[in-house]
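Protein chains in written order, with the numbering used here: chain A, 470 to 699; chain B, 470 to 699. Take a look at the structure below.
Number of protein chains: 2
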Amino acid sequence: MGAKILIVDDEPQIRKLLRVTLQAHGFTTIEAATGQDGIIQAGMIRPDLIILDLGLPDMDGTKALSQIREWSVVPIIVVTVRDDEEGKVYALDHGADDYVTKPFGMSELMARIRTALRHVANQPDEPVLKIGKLTIDLARRIVERDGQPVRLTPTEYDLLKTMATNAGRVMTHRQLFQQVWKGQNYETADHYLRVYIGHLRKKIEDNPAQPNLIITEPGVGYRLVIPSES
Amino acid sequence: MGAKILIVDDEPQIRKLLRVTLQAHGFTTIEAATGQDGIIQAGMIRPDLIILDLGLPDMDGTKALSQIREWSVVPIIVVTVRDDEEGKVYALDHGADDYVTKPFGMSELMARIRTALRHVANQPDEPVLKIGKLTIDLARRIVERDGQPVRLTPTEYDLLKTMATNAGRVMTHRQLFQQVWKGQNYETADHYLRVYIGHLRKKIEDNPAQPNLIITEPGVGYRLVIPSES
DNA sequence: TCTGGGTGTAAAAAGATCGTAAAAATGGAG
DNA sequence: CTCCATTTTTACGATCTTTTTACACCCAGA
Numbered sequence: 470m471g472a473k474i475l476i477v478d479d480e481p482q483i484r485k486l487l488r489v490t491l492q493a494h495g496f497t498t499i500e501a502a503t504g505q506d507g508i509i510q511a512g513m514i515r516p517d518l519i520i521l522d523l524g525l526p527d528m529d530g531t532k533a534l535s536q537i538r539e540w541s542v543v544p545i546i547v548v549t550v551r552d553d554e555e556g557k558v559y560a561l562d563h564g565a566d567d568y569v570t571k572p573f574g575m576s577e578l579m580a581r582i583r584t585a586l587r588h589v590a591n592q593p594d595e596p597v598l599k600i601g602k603l604t605i606d607l608a609r610r611i612v613e614r615d616g617q618p619v620r621l622t623p624t625e626y627d628l629l630k631t632m633a634t635n636a637g638r639v640m641t642h643r644q645l646f647q648q649v650w651k652g653q654n655y656e657t658a659d660h661y662l663r664v665y666i667g668h669l670r671k672k673i674e675d676n677p678a679q680p681n682l683i684i685t686e687p688g689v690g691y692r693l694v695i696p697s698e699s
Numbered sequence: 470m471g472a473k474i475l476i477v478d479d480e481p482q483i484r485k486l487l488r489v490t491l492q493a494h495g496f497t498t499i500e501a502a503t504g505q506d507g508i509i510q511a512g513m514i515r516p517d518l519i520i521l522d523l524g525l526p527d528m529d530g531t532k533a534l535s536q537i538r539e540w541s542v543v544p545i546i547v548v549t550v551r552d553d554e555e556g557k558v559y560a561l562d563h564g565a566d567d568y569v570t571k572p573f574g575m576s577e578l579m580a581r582i583r584t585a586l587r588h589v590a591n592q593p594d595e596p597v598l599k600i601g602k603l604t605i606d607l608a609r610r611i612v613e614r615d616g617q618p619v620r621l622t623p624t625e626y627d628l629l630k631t632m633a634t635n636a637g638r639v640m641t642h643r644q645l646f647q648q649v650w651k652g653q654n655y656e657t658a659d660h661y662l663r664v665y666i667g668h669l670r671k672k673i674e675d676n677p678a679q680p681n682l683i684i685t686e687p688g689v690g691y692r693l694v695i696p697s698e699s
């Protein structure tokens, strides 16, 4: 996942424990020992989640909570030794997204972090390749040319995909063949390629007879040019 | 505020306690004593939040949790006597938004309810999909075409649901089969698909012979097109 | 001008996949 | 047990892809 998590706690051993565990779960961690520093870091780094200890030396943790909430909706999980119900209610009503009492189980905290992150779940951007007037949406398996969808057969699509993911680079006959016709022995290979390159050109080139997208490198292979070149 | 809250708990005295307290705070309450009834109520009433006891007589509470999560993003606060960490992690990772252990303080629960409601306050997520002239109400399990209800068998519905929740995207044969025929081995799979895609087309396409909703991507799978495309 | 490797189109044959109807099996309700 | 809706299986023709075959091309170099 790799979300950035800001740890605001004055006890070094707690910070270390959190840091190690979080990093073991694939998160990136930033640390702050004081409320003041925590607020600054929250503004600078823009973490995806904040773990906030209420028992800070320089200021009341709830103060830090309120200050961060003035401009940010980042999920904040409050972690504290105080177990009084009043404190929980206060923190939750002042913007905390969860409240965990020390000592807490690490796996529970991790689950609560996942839950909090889920609330702001904006699914990661889909990989969309853009090469000139060509758009290739790998997740949706959609190819568009000037916004118009282009119908491709599986082999055509695979071929275009491998060239697009290596756009600007020359792909040798052998490389293309092995990527598209997986695990078949190289026989009439470059003839297949010629046929399918032909199909592709007919479908995505303005003028298939004079291709300016799929360039042939004689004796070597083919190359999908990226727009800056002509 | 007046949010509707569904209470799913088999103990009448707990339900009463929750009902009285919640109503005192201005909430509207609905009650269910069993998991089965809870799931039905969740679909019928569309509560703004659900309080779910895991210790239900008729079914495992986590089962109910998962079922509701299939079509709804309503906040669910799990309330239970079980205090084991494993259970907490499991529930949180399966869609619960919070986990409170009995006995709990009422004011804390109220604060956690307010926090949970805050999360969905600014993202009204209707569990109703609209794709062209097709309307799919995931909560009520109702499909309409031009306002006319469409009768679907369970398998047909599951198939349409998985395609609709991934509208615009190509679903491979394998993906569709695993979603709809859960945990069966891939054998005559794509044949089942052909048959059921045929059924669906007959029921939702204007002209089943020339489908413009469920289009087949030969060699790959099927795609439910979203209206902007033709 | 002829020759030959590498290349580009077209269209055929071969092969795989797809759509439909309808029969057989399954399973739940009464 | 019987009925009925649904699912699974069977069968076959239609359609789409891939592979194969055929031939024209361009451009060196002899």
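Glycine is no exception: its CB is placed at the ideal position from the N, C-alpha and C atoms.
Helix, strand or coil at residue i [DSSP, three-state]
i        : result
A/Pro481 : helix
A/Tyr559 : helix
B/Lys690 : Correcting the residue identity first, residue 690 of chain B is Gly in this sequence and not Lys. Strand, per DSSP.
B/Met513 : helix
B/Leu598 : strand
A/Leu518 : strand
B/Leu603 : strand
B/Thr641 : strand
B/Ile673 : helix
A/Arg614 : strand
B/Thr685 : strand
A/Tyr665 : helix
A/Tyr568 : strand
B/Leu491 : helix
B/Ala533 : helix
B/Ile545 : strand
B/Lys651 : coil
B/Thr584 : helix
B/Glu656 : coil
A/Ser699 : For A/Ser699, the predicted structure reports a pLDDT of 40, less than 50, and the residue's modelled location is therefore unreliable. A value from the coordinates is still provided. Looking at A/Ser699 - three-state DSSP - the assignment turns out to be coil, as it is neither helix nor strand.
A/Leu475 : strand
A/Ala636 : coil
Where residue i falls, given that 16 or more other Cβ within 10 Å makes a residue buried
i        : result
B/Asp478 : buried
A/Phe573 : exposed
B/Tyr655 : exposed
B/Trp540 : buried
B/Val550 : exposed
B/Glu686 : buried
A/Arg484 : buried
B/Val548 : buried
A/Glu481 : Here residue 481 of chain A turns out to be Pro, not Glu, going by the sequence shown. So A/Pro481 counts as exposed.
B/Glu625 : buried
B/Gln492 : exposed
Cβ neighbours of residue i in the same chain (closer than 8 Å, five flanking residues each side left out)
i        : result
B/Glu698 : In this prediction, B/Glu698 has a pLDDT of 39, which is less than 50 and means its spatial position is unreliable; what the coordinates show is noted afterwards. Closer than 8 Å at Cβ, skipping near neighbours: Gly637.
B/Thr531 : Leu523, Tyr559, Ala560 and His563
B/Arg609 : Gly512 and Met513
B/Ser535 : His563 and Gly564
Proximal residues to residue i (C-beta, below 7 Å), its chain only, five neighbours per side dropped
i        : result
A/Leu662 : His642, Leu645 and Phe646
A/Val619 : Val612, Glu613, Lys672 and Ile673
B/Ala633 : Leu598, Ile600, Ile605 and Leu693
Within 8 Å, strictly: CB atoms of residue i and residue j
i        : j        : result
A/Asp517 : A/Ile476 : no
B/Val612 : B/Thr631 : no
B/Thr657 : B/Met575 : no
B/Val569 : B/Arg587 : no
A/Thr584 : B/Asp553 : no
A/Ile695 : A/Ile683 : no
B/Gly471 : B/Thr498 : no
B/Ile509 : B/Ile545 : no
B/Asp529 : B/Gln505 : no
B/His660 : B/Met579 : no
Same chain, Cβ closer than 6 Å to residue i, five either side skipped, listed in chain order
i        : result
A/Gly507 : Val477, Ala501 and Ala533
A/Ser487 : It is worth fixing the name first, because residue 487 of chain A is Leu in this sequence and not Ser. Cβ neighbours of A/Leu487 beyond the five flanking positions: Ile476.
B/Arg538 : Gly564
A/Thr604 : Glu613
B/Asp615 : Lys602
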